[in-house]
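Numbering (this note's numbering), first residue to last: 127 to 319.
Before any comments, here is the structure.
Pasting the structure below:
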């Protein structure tokens with residue numbers, strides 16, 4: 127009698143349970159996609175809980191510093207175009223108002239940016255329960271170094287935006303208004319009584 131081949135084996139039950147759990151989790155993620163404001167409010171709550179944990183424990187500054195470096199890396203990918211105009215030869219981003227409208231396509235889309243941040247904070251929160259990760263450091267030096275790193279990195283990113291004339295944010299939907307000169311010509315040819 128083959129024990130592992132039965133349909134009621136423990137391995138099969140665990141496999142079915144994990145498959146069902148992952149499907150439900152993915153369903154919740156899919157349902158949360160259009161609710162941008164609610165997702166970011168939930169993220170703010172997670173950040174607040176993490177900050178409270180670090181404040182009350184008075185430690186885990188190395189974990190927080192690593193989290194800050196990871197956030198900076200994600201922010202750079204979020205603000206960067208999918209195709210870097212420095213490397214790519216071909217149609218780039220529109221630089222004049224008369225150019226064809228092409229929406230800004232990010233290297234890291236907003237949903238993946240949010241999801242990566244959520245995962246990072248949850249992992250960092252779990253790590254604060256293990257004393258092995260509580261390395262004693264002088265945290266003001268880490269904070270100062272992170273601020274210097276943030277300023278220099280954002281300066282480089284803003285200079286890249288200015289050089290290639292792109293803005294990583296679009297507000298509202300692009301609307302086609304037509305040519306105003308053509309609209310005036312049509313008005314002149316209409317016969318009025």
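Cβ coordinates follow ideal geometry from the N, Cα and C atoms, glycine included.
Quantities reported herein were computed from a predicted structural model and do not represent experimental measurements.
Short Cβ contact (8 Å threshold) for residue i with residue j
i	j	result
residue 207	residue 271	no
residue 263	residue 181	no
residue 237	residue 159	yes
residue 253	residue 189	yes
residue 294	residue 230	yes
residue 176	residue 276	no
residue 234	residue 203	yes
residue 155	residue 279	no
residue 260	residue 185	yes
residue 151	residue 211	no
DSSP beta-bridge partners of residue i
i	result
residue 232	207
Best match in the options for proximity to residue i [C-alpha to C-alpha]
i	options	result
residue 246	164, 169, 150	169
residue 269	172, 232, 191	191
residue 284	255, 265, 201	201
residue 232	287, 142, 164	287
residue 183	256, 164, 266	256
residue 166	267, 179, 241	241
residue 173	249, 213, 142, 209	249
With 16 other Cβ atoms within 10 Å as the buried cut-off, status of residue i
i	result
residue 205	buried
residue 127	Note that residue 127 scores a pLDDT of 49, beneath 50, so its modelled location is shaky and nothing firm can be said.
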